[in-house]
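Take 1 as the starting number for the sequence shown in full-length UniProt numbering and just add one per residue. Since the structure comes first, as structure tokens, the remarks are kept for the end.
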Amino acid sequence: MSILGQIFGAIIKLLCGEQQQQPATEQQPPYKPPSPGPQQGRPPEKPHVPSPPRPHGLVNQNQINQQNQHYVSLRDRAREEGAQMAKCFEESKAAYARGDRALAKELSVKGHGHEAEMERLNAQASEWIFFENNKDSQPDEIDLHGLYVKEAISYTDRAIQKARGQGNSEIRLIVGKGLHSPHGVAKLEPAIKDLMQKHGLIAELDPRNSGVLIVDLDGQSKGRGPVLSSDEILSKLKSSQEGCIIM
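Here it is in structure tokens:
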């Protein structure tokens, strides 16, 4: 695989999370019956001092973290809540079609309850895995292993704003060498483009580690590796034939 292929695989993995285990909240519920009745100025940028290469053992620790019983249990319970949510919404749709609006409403409310619990469990899981994976991170880097699409986007967004607030010129995203699927691309396209356009980002592949993406916060390439625009990222994602999982 070419270097560009690796970085786009990495981008997918960054934002996709474990696609085969994606929580049901990523999909729109099939039906929800109607309810009755109605920048501030930035401090001067600090000169960047490159971070030392991350020890390989830390990557292995990330893999261990993703097998942690507490983390796995949270994700499993969230997926079960998502399945129950989808079931309730589907049954609600059927009840509404039969004209049983009272039952449809009851099932809809129940479905929303499962949805809220699913989101709560996934939030706990993402907070735990992000904390564990970043305990030993350098100040200018974040590790995004083990996160779903919306979670990774949220953590990256916050990290970028924090880095800019501190006057940093770049941030390093540890994303590994992930794979992707057509379903993942459909969700990633707007997420990637919106994030890069929102912050005016320039992304380069770390020449020392193809699993690390260097984001230049000033929008200027430093000439360290291939520079990728949002359109180039999306074009490569669409043409790739690899699968999707964050490892």
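By construction, the Cβ of each residue, glycine as well, lies at the ideal position given by its N, Cα and C atoms. Bear in mind the structure is a predicted one, so any value in this text is a computation, not a measurement.
| Asked | Found |
| --- | --- |
| May I ask you to list the residues that DSSP assigns as paired with Ile160? | Bridge partners of Ile160: none, in fact. |
| Per DSSP, which residues does Asp216 bridge with? Please list them. | Glu170 and Ile202 |
| With distances taken between CB atoms, is the gap from Ala125 to Ala83 smaller than 9 Å? | no |
| Could you pull out every residue in the same chain whose Cβ sits closer than 8 Å to the Cβ of Leu74, ignoring the five residues on either side in sequence? | Leu121, Asn122, Gln124, Ala125 and Trp128 |
| Let's see if you can read the secondary structure: which residues bound the beta strand (DSSP E) around Asp143? | Glu141 to Asp143 |
| Take Arg172 and list the residues in its own chain whose beta-carbon comes closer than 8 Å to its own, dropping the five residues that flank it on each side. | Ser51, Gln138, Asp140, Glu141, Ile142, Asp206, Val212, Leu213, Ile214 and Val215 |
| Do Ile153 and Leu217 come within 9 Å of each other at the CB atom, strictly closer than that value? | no |
| Assuming contact is defined by CB atoms lying nearer than 9 Å, are Gly146 and Gln66 in contact in what I supplied? | yes |
| Ordered along the chain, which non-local residues of its own chain (more than five positions away) have a Cβ less than 7 Å from that of Lys162? | none |
| To the nearest angstrom, how far is the alpha carbon of His199 from that of Val72? | 33 Å |
| Taking the alpha-carbon positions, what's the Gly113 to Ser92 distance? | 14 Å |
| Can you check whether the CB of Phe130 is closer than 9 Å to the CB of Tyr155? | yes |
| The alpha helix (DSSP H) spanning Asn122 covers which residue range? | Arg101 to Asn134 |
| Identify whether Leu195 lies in helix, strand or coil by the three-state DSSP scheme. | helix |
| Which residue from Asn209, Glu170 and Arg208 puts its Cα closest to that of Ile202? | Glu170 |
| Please state whether DSSP places Val175 in a helix, a strand or coil. | coil |
| Which of helix, strand or coil does DSSP assign to Gly211? | coil |
| Verify whether the separation of the beta carbon atoms of Glu132 and Met85 is less than 9 Å. | no |
| Among the residues of its own chain, which have a CB less than 6 Å from the CB of Gly111, if the five just before and after it don't count? | Met85, Cys88 and Phe89 |
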